[in-house]
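Inspection log for the structure reproduced underneath, given as structure tokens.
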Amino acid sequence: MTSIYLPTRITKALFITSILGLTTAANAAMPTQWQLDNSHTRVGFSVEHLGFSTTMGHFDKADGSLSYNMKTPNKTQMNFVIDTDSINTAWAARDAHLKKDDFFNVAKYPTMTFKSTKVDFYNPQQAKVTGDFTLLGKTKPLTLDVTLKKIGNSPMTKEPVIGFRATGNIDRVAYGMTTFAQGITTNVPIQIDGELIEKKAK
């Protein structure tokens, strides 16, 4: 049997070329328009209560869209809408108070929104995302640290999925939410863990 010898550098070059080819093919197969999968998304926050304890909460309803192409990640655009009436801190009485004028005033402001204005990926998986955040009718810039945890086809649905985490801090007083500013955290840390799925044409 005849064997063919290839120099090591040529072998490495062929290997790298094949890997790049597979990556390019995978990227080409991925959609560029995505929507939030609310069933696999959690919009969470935490506040300190009088220095004694940390109260955790989240919002049960969120919607969002993402325009993302692996080849041009810094052109990514995202829009998210969170239903303030869906706040959940595991205590109904507290949730009812948070929905009133003292805090989220959900009757007048049923949603809070985030719309990106600048996306800066400093490596393939992590980015600083700056955008306009609107709460209680006031819009101010907000920067989120975003990590793309995994991109690929789900083994369950066989459909493409982006898994992500976004973190940041919101100064609630800057938006007019001043109630109990002396006893409850005013600079509120937020953490969004979720999945994005392909946005289907209607």
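Going by mature numbering (1 follows the signal peptide of the UniProt record, and there is no 0), the letters in the sequence shown line up with residues -28 to -1, 1 to 174, in that order.
For each residue, glycine too, the CB sits at the ideal point set by N, CA and C.
Terminal residues of the continuous alpha helix (DSSP H) containing A64?
Run containing A64: A64 to L70, per the alpha helix (DSSP H) assignment.
Segments of 3+ residues assigned as beta strand (DSSP E) that fall wholly inside the region 110 to 158
Here the runs fully enclosed are 110 to 125 and 132 to 143.
Between the region 3 to 18 and the region 27 to 40, do three or more beta carbon pairs fall short of 8 Å?
By the C-beta criterion, the region 3 to 18 is judged to be in contact with the region 27 to 40, since at least 3 inter-stretch pairs fall below 8 Å.
Beta carbon of D104, beta carbon of F86: below 9 Å?
Against a cut-off of 9 Å, the Cβ pair of F86 and D104 comes out as a contact.
Do D9 and the ligand GDP come close, with the Cβ less than 8 Å from some heavy atom?
This structure lacks the ligand GDP, and indeed carries no ligand of any kind.
As assigned by DSSP and simplified to three states, the class of S(-11)
Caution is warranted here: a pLDDT of 40 is assigned to S(-11), below 50, making its placement in the model unreliable, and no coordinate value can be reported.
With the cut-off set at 9 Å, would you say Y81 and L107 are in Cβ contact?
Yes, the Cβ-Cβ distance between Y81 and L107 is below 9 Å.
Which residue's Cα is closest to the Cα of G166: K90, N125 and V118?
Nearest option by C-alpha distance: V118.
Please state the DSSP three-state secondary structure of D57.
In the three-state DSSP reduction, D57 falls in the helix class (H, G or I).
Of the residues N51, T89, G135 and Q49, the one placed nearest H12, counting alpha carbons only:
Minimum Cα distance to H12 is reached at G135.
Going by beta-carbon coordinates alone, are M28 and G16 separated by less than 9 Å?
Contact flag set, yes.
Buried/exposed call for L116, threshold 16 Cβ in 10 Å:
L116 counts as buried, since no fewer than 16 other beta carbons sit within 10 angstroms of its beta carbon.
A34 bridges to which residues according to DSSP?
The secondary-structure analysis by DSSP pairs A34 across a beta bridge with I54.
Counting C-beta neighbours from all protein chains within 10 Å, is the total for R14 16 or more, i.e. buried, or is it exposed?
Residue environment for R14: exposed (fewer than 16 other C-beta atoms within 10 angstroms of its C-beta).
Would you identify the three-state DSSP class for P82, choosing helix, strand or coil?
Looking at P82 - three-state DSSP - the assignment turns out to be coil, as it is neither helix nor strand.
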